[in-house]
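*Asks:* One structure, pasted below without further comment.
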Amino acid sequence: MKTFLIALTAFLISGNTYAQQLPARWDELTADDFPAALQKSSRTCILPIGILEKHGLHAPIGTDLIHVREWAAHAVQQEYAVVFPDYFYGQINEARHQPGTFSLPNNLILELLEATCDEIARNGFDKIIILNGHGGNPEFLEFFMQGLLNKRRNYAVYLYRPENDSTFIKAYNKLHRSELATDLHGGESESSIILHYRPDLMRIDRATADNGENQHRSSLLDLYTPIWWYSSYPNHYAGDASKTNAELGKLITDHEIAQFVKALKAVKADRKTIELQQEFYGAVDKVK
């Protein structure tokens, strides 16, 4: 009986400790939790950005959103930061012809992202890390980042831009089954990630029901046009998801989580960026 009571007490204590753990997701914190979350995160907030668009006929429309949501959630288990709730407002004009695409006007997505960062900062965060999960966002996000110097701000924004190391590339090439050069959107890599995170949402039997080959309908040397993606991939699918495998998905996600944790630690420790921003704003003020 005594052994049972000791075990029960230990169980209740451990359960209470778990219940009192500080959530990482902004929407799961209570108002009373916020001061502790600010302190524990070193006033650092992760803004994961996905998108809603077609990913072949086999993967969910929210593939990018699911990916980046899980990416952030797993990273903060190792290094705490507050994670902003689902954000899927980005550049996706090229998929407006496909069902389920959510595409807002260009000026609005810029204004919305700036307002979101301002509001995150108003709540006490002075470091915001944008974690992008959508391949059509980099140019938009880089332009947004450049524009942040247009007025004085009391916070810094960091755009995470990872690079793969040779060890990972070697392991990736060993597991990857389809043609690497054509695995661009909704193909083996992206589909393997979702198969790892959310196998219940995948319909791999439908992977060959859509054509993911480059149609080569337009070729203009040294010239860029906004219709280039549609001209090549009118089905908004590029690759061969029939080769999807969860082992590859785990390899990719483990690697990207470990990489991001390193960046997150660096941002939490960083003091120089805000210092240099203030120096820059001061120099701008002297010109007036």
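Positions -19 to -1, 1 to 269 (mature numbering (1 follows the signal peptide of the UniProt record, and there is no 0)) are the ones given, in order, by the sequence shown.
Each residue gets a CB set at the ideal place from its N, CA and C atoms; glycine is no exception.
This one's a predicted model, so the numbers in the text were calculated from it and none came from an experiment.
To the nearest angstrom, how far is it from the Cα of Val248 to the Cα of Ala137?
*Replies:* So the alpha carbons of these two residues sit roughly 10 angstroms apart.
*Asks:* So for Ser138, helix, strand or coil by DSSP?
*Replies:* Contrary to the premise, residue 138 reads as Val rather than Ser in this sequence. Strand.
*Asks:* Taking the continuous beta strand (DSSP E) assigned at Thr25, which residues delimit it?
*Replies:* Counting along the chain, the beta strand (DSSP E) containing Thr25 begins and ends at 25 to 30.
*Asks:* Counting contacts by CB-CB distance shorter than 7 angstroms, is Ala188 in contact with chain B?
*Replies:* Within the model displayed, chain B is absent; a lone protein chain is all it includes.
*Asks:* Mind checking whether Ala227 and Gly193 have CB atoms under 7 angstroms apart?
*Replies:* Not closer than 7 angstroms, so no.
*Asks:* Name the DSSP beta bridge partners of Ala219, please?
*Replies:* In the DSSP output, where bridge partners are listed per residue, Ala219 has His166.
*Asks:* Can you give the Cα-Cα distance for Asp107 and Gln196, rounded to whole angstroms?
*Replies:* So the alpha carbons of these two residues sit roughly 46 angstroms apart.
*Asks:* Assuming Gln79 and His217 are in contact, meaning their beta carbons sit under 8 angstroms apart, how far apart are those beta carbons, in whole angstroms?
*Replies:* Going by Cβ atoms, the distance from Gln79 to His217 rounds to 5 angstroms, so yes, they are a contact pair.
*Asks:* Can you give me the C-alpha to C-alpha distance between Leu33 and Leu46, rounded to a whole angstrom?
*Replies:* Their backbone Cα atoms lie some 7 angstroms apart in a straight line.
*Asks:* To which residues of the same chain is Ser22 closer than 8 angstroms at the C-beta, ignoring the five residues directly before and after it?
*Replies:* Hits under 8 angstroms: Tyr61, Ala62, Val63, Phe106, Lys249.
*Asks:* Among residues of its own chain, excluding the 5 on either side of Asp8, which ones have a beta-carbon nearer than 6 angstroms to its beta-carbon?
*Replies:* Counting only Cβ-Cβ distances below 6 angstroms, and skipping sequence neighbours, we find Pro66.
*Asks:* Can you name, in chain order, every residue of its own chain whose Cβ lies under 7 angstroms from the Cβ of Arg133, other than the five neighbours on each side?
*Replies:* Correct list, in chain order: Tyr262.
*Asks:* Pick helix, strand or coil for Asn131, following the three-state DSSP scheme.
*Replies:* Three-state DSSP puts Asn131 in a helix.
*Asks:* Return the first residue and the last residue of the alpha helix (DSSP H) that Gln87 is part of.
*Replies:* Per the sequence presented here, residue 87 reads as Asn, with Gln not at that position. It spans 87 to 103 - the alpha helix (DSSP H) in which Asn87 sits, taken as one unbroken run.
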